[in-house]
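Numbering (UniProt numbering), first residue to last: 1 to 137.
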């Protein structure tokens, strides 16, 4: 089966979608951009704070350098096709780490064998993120 491919907004490398971190932008009722967040936060934030998500996504390699480059060079604005609020790369990186850990935990607690392949893919992304932090530190 063919895997969907996406382009990293930081380094512009084309990779399978499952290997990238998905980021979305949250909007206030008036359409004003509020926050750039991991995709996993969209449901929680939108329900809790009355925000909605744009239909567009930005994908980033699980490398902190790509996330920082995307924030610095306007990769998020290009992907969202609109001006974006300032992105704090460190905070967005931590949010992606927390979201990924939460997703893996949830799948481990509820999935059984049906979720094993998905857990393995997510664990590979988490490992790549930890390795990227080791190279940056």
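Think of the CB as a built atom: it goes at the ideal place given N, C-alpha and C, for glycine as much as any other residue.
Whole-Å CB distance - residue i paired with residue j, under 8 Å assumed
i          : j           : result
residue 37 : residue 131 : In fact, because the Cβ distance is near 23 Å, the residues do not count as touching under 8 Å.
Span separating the alpha-carbon of residue i from that of residue j
i          : j          : result
residue 52 : residue 41 : 11 Å
residue 54 : residue 4  : 21 Å
residue 86 : residue 71 : 8 Å
residue 12 : residue 29 : 32 Å
residue 63 : residue 98 : 15 Å
CB contact flag (residue i, residue j, <8 Å)
i          : j           : result
residue 58 : residue 121 : no
residue 66 : residue 15  : no
residue 6  : residue 21  : no
residue 10 : residue 75  : yes
residue 39 : residue 24  : yes
Checklist entry - Hey, is the segment 69-83 in contact with the segment 95-102, meaning 3+ C-beta pairs nearer than 8 Å? => result no
Next on the checklist: Ignoring anything shorter than 4 residues, give me the alpha helix (DSSP H) runs that lie fully in the UniProt domain "YlxR" (6-86), in order along the chain.
Outcome noted: 41-49, 64-73 and 75-80
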